[in-house]
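Q:
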Amino acid sequence: MTTENLWPKECAMCGKVSAHTKLSSSTEFGPPDMDLRPAEMYRSTISTWIQRCPYCGFCSGDISEAEEVDKTIVNSPSYQSQLNDPRFSELSNSFLCRAMIENSLGNYQAAGWAALRAAWVMDDRQNVASAAQCRLRAIKLFLRDFAARRDSLKEPAKYYVLLIDLHRRTEQFGMAQTLLLEGRLLNLQDNEQQIFDIQNELIAKRDARCYTTLGELRNE
Ligand SMILES: [Zn+2]
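Residue numbers (my numbering): 32 to 251.
Right, dumping it as structure tokens:
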């Protein structure tokens with residue numbers, strides 16, 4: 032089961048207080064999606080994974096902590112317009128704003144995950160076009176991280192698993208296939224091998240839908 036509570040939070044950017052839902056506990060049943068989106072019930076708690084200050088628009092997992100975030104990013108016109116980009120829902124925009132913050136800090140992997148979460152929100156709304164736009168941003172950010180850390184990554188296969196799925200979901204089947212062939216040269220674990228095989232079939236069929244890591248179609 033999932034337990035949620037409302038908590039007041041003082042924004043680390045502007046100092047104003049607003050109420051936010053805090054997830055106390057949740058469980059997960061079944062395999063994740065190919066892009067590692069968790070299964071239910073945790074899957075449905077996505078709105079609690081990010082908070083948005085209603086006053087200044089600061090978006091974070093916890094808006095009472097800003098760490099090294101520069102206020103100029105949050106106040107910038109591009110960030111402020113991203114908060115209300117009509118192509119995406121409010122929640123999706125919050126994740127995309129978080130991606131901008133992480134990108135500005137050079138945390139490209141965290142930025143990629145934020146953009147991917149924005150895509151999941153649009154998946155839930157069956158908005159394929161907007162979800163694809165979020166995934167394209169996620170690809171750019173993950174590739175930036177991959178390029179920076181390629182030689183020091185402990186488990187590069189995990190990156191291939193993610194990037195192959197992101198390309199397939201955005202109908203970039205040729206690139207997905209290239210990544211798949213490249214990834215096969217790595218020392219793959221059994222479960223990764225299995226995922227690669229499933230992806231290979233889906234890419235051949237030009238199937239861009241959402242599947243679990245066991246190859247089951249995820250019915251939204
Ligand atoms: Zn604020």
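By construction, the Cβ of each residue, glycine as well, lies at the ideal position given by its N, Cα and C atoms. It should be emphasised that the depicted structure is a prediction, and the values quoted were computed from it without experimental measurement.
Which residue's Cα is closest to the Cα of SER56: ILE77, ASP155, GLY46, VAL48?
A: If you number the sequence shown from 1, residue 56 lands on position 25. It is ILE77 whose Cα lies nearest to the Cα of SER56.
Q: Is it the case that the region 113-126 contacts the region 146-162, given that we only count it when at least three CB pairs across the two stretches are under 8 Å?
A: Touching, yes, given that three or more Cβ pairs across the two stretches are closer than 8 Å.
Q: Can you tell me the Cβ-Cβ gap for LEU233 and ARG199, rounded? I've got them flagged as a contact below 8 Å.
A: If you number the sequence shown from 1, residue 233 lands on position 202. If you number the sequence shown from 1, residue 199 lands on position 168. Confirmed, about 6 Å.
Q: Based on DSSP bridge pairs, tell me the residues matched to PRO39.
A: Along the sequence shown, one-based indexing puts residue 39 at 8. ALA50, per the DSSP bridge assignment.
Q: Between ILE132 and GLN220, what straight-line distance do the alpha-carbon atoms span, to the nearest angstrom?
A: The sequence position of residue 132 within the sequence shown is 101, counting from 1. The sequence position of residue 220 within the sequence shown is 189, counting from 1. In a straight line, the C-alpha of ILE132 is about 34 Å away from that of GLN220.
Q: Can we count TYR86 as close to ligand 1, meaning its CB is less than 7 Å from some heavy atom?
A: Looking up residue 86 in the sequence shown gives position 55. Result yes, Cβ under 7 Å from ligand 1.
Q: Just the Cα atoms here: how many angstroms apart are ALA130 and VAL159?
A: On the sequence shown, position 99 is the one that residue 130 refers to. On the sequence shown, position 128 is the one that residue 159 refers to. About 20 Å.
Q: Using CA coordinates, which residue listed in LEU127, LEU54, PRO69 is at the minimum distance from LEU37?
A: Residue 37 sits at position 6 when you count from the first residue of the sequence shown. Comparing Cα positions, the closest option is LEU54.
Q: Locate the alpha helix (DSSP H) running through ASP221, then write down its first and last residues.
A: Here residue 221 refers to the residue found at position 190 when the sequence shown is read from its first residue. Run containing ASP221: 221-235, per the alpha helix (DSSP H) assignment.
Q: The alpha helix (DSSP H) with ASP176 in it runs from where to where?
A: Residue numbering aside, residue 176 sits at position 145 when the sequence shown is read from its first letter. From DSSP, the alpha helix (DSSP H) with ASP176 extends over 159-180.
Q: To the nearest angstrom, how far is the alpha carbon of GLY46 from that of PHE89?
A: The residue you call residue 46 lines up with position 15 of the sequence shown. The residue you call residue 89 lines up with position 58 of the sequence shown. Using only the alpha carbons, I get a separation of about 11 Å.
Q: Going by the C-beta, is CYS241 closer than 7 Å to any heavy atom of ligand 1?
A: Within the sequence shown, numbered from 1, the residue matching residue 241 stands at position 210. No, the beta carbon of CYS241 sits no closer than 7 Å to any heavy atom of ligand 1.
Q: What's the call for ASN134, buried or exposed, on a 16-neighbour Cβ count within 10 Å?
A: For the purposes of this step, residue 134 is identified with residue 103 of the sequence shown, where counting begins at 1. It is buried - the Cβ of ASN134 has at least 16 other Cβ atoms within 10 Å.
Q: Heavy atom of ligand 1 less than 7 Å from the Cβ of GLU42, yes or no?
A: Here residue 42 refers to the residue found at position 11 when the sequence shown is read from its first residue. What sits at residue 42 in the sequence shown is Cys, not Glu. Yes.
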